[in-house]
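Okay, so here's the structure we're looking at.
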Amino acid sequence: MSKRSVPDDKPAGLPVPKKSRLDIDTGIAEVKSRSAELLKALKNQNNQVQVGHYVSRGDTQDSLTQAETLVATVAKLETTATNTVDELIVNVIDAEIHRWFKVFEQESNRFADGESCGPLLFSYIYHCEMEERSAIRDVVKKQVQDVPLCNPSSKIRKETKVAFKKIMSKEMMRLLEETML
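Under our numbering, think of the first position of the sequence shown as 16, with each following residue one higher.
Put into structure tokens, the structure is as follows:
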């Protein structure tokens with residue numbers, strides 16, 4: 016006899032709902048709390064087993080060891096998942112920041128043709144990229160905390176562009192103020 020799964024009432028081909036980082040964190044927290052409950056119950060069971068019961072202490076100890084392993088594995092999985100998502104977000108943000116500084120540099124190159132300020136302008140752009148990268152990254156990371164994990168790059172690109180404009184506008188205004196003193 017074949018072992019087919021029982022059909023459910025969902026039509027085939029429906030898109031899978033997107034999971035946000037909070038949904039994944041909530042799921043991990045639920046698994047973690049459930050594994051902690053199981054571990055506590057097994058420890059209580061281990062303490063209550065008395066001589067004459069049919070439950071083998073060895074079986075209980077094996078179950079206890081498996082539960083402890085599960086708790087440790089969940090903790091490692093949680094750490095790995097969090098680090099992977101954070102690294103992905105930071106790498107996408109850094110790539111976008113670098114792209115916008117390249118665009119800024121190319122436009123400045125076009126503006127500086129025939130001008131004596133070209134090398135100074137490029138030096139200034141390089142300095143801004145090094146100095147303002149962390150400020151832009153911090154702003155964007157705050158904005159994309161709850162972004163769905165299926166396609167975070169479009170939201171990150173949009174937020175990076177907004178943060179880049181905002182921070183570089185302030186920086187250019189500061190430069191203009193210093194120049195006009």
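Where is the CB? At the ideal position from N, CA and C, for every residue including glycine.
| Query | Result |
| --- | --- |
| With a threshold of 7 Å on Cβ separation, who are the neighbours of M16 within its own chain once the five nearest residues in sequence on each side are excluded? | For M16, the predicted structure reports a pLDDT of 47, less than 50, and the residue's modelled location is therefore unreliable. The matter cannot be settled from this model. |
| Is the beta carbon of L85 less than 8 Å from the beta carbon of L57? | no |
| Spatial neighbours of C143 within its chain, please: CB distance less than 8 Å, with the 5 preceding and 5 following residues excluded, ordered by chain position. | F116, M183 and E186 |
| Do you know offhand how far Q76's Cα is from T95's? | 28 Å |
| Going by beta-carbon coordinates alone, are I171 and E111 separated by less than 8 Å? | yes |
| I need the straight-line Cα distance from V100 to V118, nearest angstrom please. | 27 Å |
| Could you tell me whether the Cβ atoms of A90 and L53 are closer together than 8 Å? | no |
| Is D109 helix, strand or coil by DSSP? | helix |
| Quick check on A87: buried or exposed, where buried means 16 or more other Cβ atoms within 10 Å of its Cβ? | exposed |
| Using the C-alpha atoms, what's the distance from Q60 back to A51? | 14 Å |
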